[in-house]
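Quick notes on the structure that follows.
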Amino acid sequence: MSADGRNGLTYSDAGVDIDAGNLMVEKIKPAVRSTRRPGADGEIGGFGGLFDLKAAGFKDPVLVAANDGVGTKLKIAIDADFHDTVGIDLVAMCVNDLVVQGAEPLFFLDYFATGKLDPDQGAAIVKGIAEGCVMSGCALIGGETAEMPGMYSKGDYDLAGFAVGAAERGQLLPSEEVSEGDVILGLSSSGVHSNGFSLVRKIVEISGLSYDAPAPFAPEKKLGEALLTPTRIYVKPLLKAIRETGAIKALAHITGGGFPENIPRVLPKHLAAEIDLDAVKAPAVFSWLAKTGGVAPNEMLRTFNCGVGMIAVVSPEKADQVAAVLEAEGETVFRLGLMVARAEGAHGTVYKGSLTL
1 MSADGRNGLT YSDAGVDIDA GNLMVEKIKP AVRSTRRPGA DGEIGGFGGL
51 FDLKAAGFKD PVLVAANDGV GTKLKIAIDA DFHDTVGIDL VAMCVNDLVV
101 QGAEPLFFLD YFATGKLDPD QGAAIVKGIA EGCVMSGCAL IGGETAEMPG
151 MYSKGDYDLA GFAVGAAERG QLLPSEEVSE GDVILGLSSS GVHSNGFSLV
201 RKIVEISGLS YDAPAPFAPE KKLGEALLTP TRIYVKPLLK AIRETGAIKA
251 LAHITGGGFP ENIPRVLPKH LAAEIDLDAV KAPAVFSWLA KTGGVAPNEM
301 LRTFNCGVGM IAVVSPEKAD QVAAVLEAEG ETVFRLGLMV ARAEGAHGTV
351 YKGSLTL
């Protein structure tokens, strides 16, 4: 009974619209179907998603799992009212972390939480997730949409993603063969990707620009749209290079923490990555961020990818072969550095040259 003595309160009166949730599910079904692959051909709507490893072609697989979010890049999507690509970011941040371990992404689950569900907005986000799944070859087999009034301010939402991949036993990366003198190949990023956006938003605030204004570093686009350029998904080119050459010894996804935090994660303790900063061709967005925010080069390198979204470690005699396979798959590849001996107590990433911003 309600406070004034009348019966009839509903869940909708409390701010949760079950009909809106059902409408969103119907809107996203075609996008979800587009992600079907061997091992996953079920329909969404059950209590759990199914995946058949044997149907996917694995004989003795080791499963690899990763989860991530999009961070405060979502605030730009909300402020710019552009929600079509953050789903790609969500998938990218998870599946790129799988492929660096030599694993093929198999399936993906998403969590979308908001204060007030807008079925069209939700469908745009999930269509982006489905697009990312198609790009990486994994199936979107389930997810959760949570409408939580009082938890989120009007218009706000959050995303989390969960991906599972597999590799045949004995084929996981990094290998134990990473050696002094090995070549570090850099793969170009598409822009800021999905890290450092709290600093990006602070710099936009300093600039005084609105997200509807032309982007200073890409005048043909609005600032919001340019900053929302989705994270590059490296999965299919890297899997092809791994399988065709057998020459990739280690991979590192350059996310938050940049070179100094991410590269040492895949290196033996006696080796360091010597990065030639003169080889880094930072996209214009990073120059604008550094100049507008007065951000020092070292701070840029430990916050952003600065134009390098992924690195691969290969033996010198195989570097050209690996680069050729990746380039044939559409990647921009360049020699970024070498593996060198690491002095006791020294950091796992050292630099030569200087970053041009």
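The opening residue of the sequence shown carries number 1 in UniProt numbering; numbering runs sequentially from there. The beta carbon of each residue, even a glycine, is placed where N, CA and C say it ideally should be.
- Per DSSP, Val64 is one residue of the beta strand (DSSP E) stretching across 61-69.
- Between Pro260 and His347, the C-beta gap is smaller than 8 Å, which places the two residues in contact.
- Residue range 86-99 is occupied by the alpha helix (DSSP H) that includes Asp89, with no beta strand (DSSP E) assigned at that position.
- Under the DSSP definition of a beta bridge, Glu261 lacks any partner.
- Between Thr145 and Leu117, the beta carbon gap of about 7 Å places them in contact (Cβ cut-off 8 Å).
- Sequence-distant Cβ neighbours of Ala272 in its own chain, meaning closer than 6 Å and more than five residues away, are Val340, Arg342, Gly348, Val350.
- The beta carbon of Val295 lies closer than 7 Å to those of Leu289 in the same chain, with the five residues before and after it left out.
- In the DSSP assignment, Met151 falls outside any beta strand (DSSP E) and carries neither an H nor an E.
- Taking one beta carbon from each stretch, the stretch 98-117 and the stretch 138-155 have 3 or more pairs nearer than 8 Å; the two touch.
- Judged by pairs of C-beta atoms under 8 Å, the stretch 310-318 touches the stretch 180-192, as three or more such pairs exist.
- Distance between Asn305 and Gly258, taken at the CA atoms: about 5 Å.
- Rounded to whole angstroms, Leu223 and Gly87 show a C-alpha spacing of 19 Å.
- Less than 8 Å divides the Cβ of Ala163 from the Cβ of Ala66.
- Gly57 and Gly309 have their C-alpha atoms some 29 Å from each other.
- If you check the CB distance, Thr245 and Val325 come in under 8 Å.
- Across the set Met148, Leu140, Ala123, the C-alpha of Met148 shows the shortest separation from the C-alpha of Ala14.
- Excluding residues up to 5 positions away in sequence, Val99, Glu104 lie with their Cβ nearer than 7 Å to the Cβ of Leu239 in the same chain.
- Taking a cut-off of 8 Å for Cβ pairs, the stretch 273-293 and the stretch 71-81 do not touch, as fewer than three such pairs fall below it.
- For Val178, no beta strand (DSSP E) segment is defined, and its DSSP state is neither H nor E.
- Judged by DSSP secondary structure, Pro297 falls within the alpha helix (DSSP H) whose first and last residues are 297-303.
- The Cβ atoms of Leu355 and Pro297 lie closer than 8 Å to each other.
- Distance check between Leu106 and each of Leu159, Gly39, Ala124, Gly170 places Gly39 closest, using alpha-carbon atoms only.
- The straight-line gap separating the alpha-carbon atoms of Pro61 and Leu53 is approximately 8 Å.
- It is roughly 41 Å from the alpha-carbon of Gly142 to the alpha-carbon of Gly293.
- In this structure, DSSP gives Glu317 a helical state, which the three-state scheme calls helix.
- In this structure, the straight-line span from the alpha carbon of Ile129 to that of Leu90 is close to 7 Å.
- Looking at the DSSP output, Ser188 bridges to Val308.
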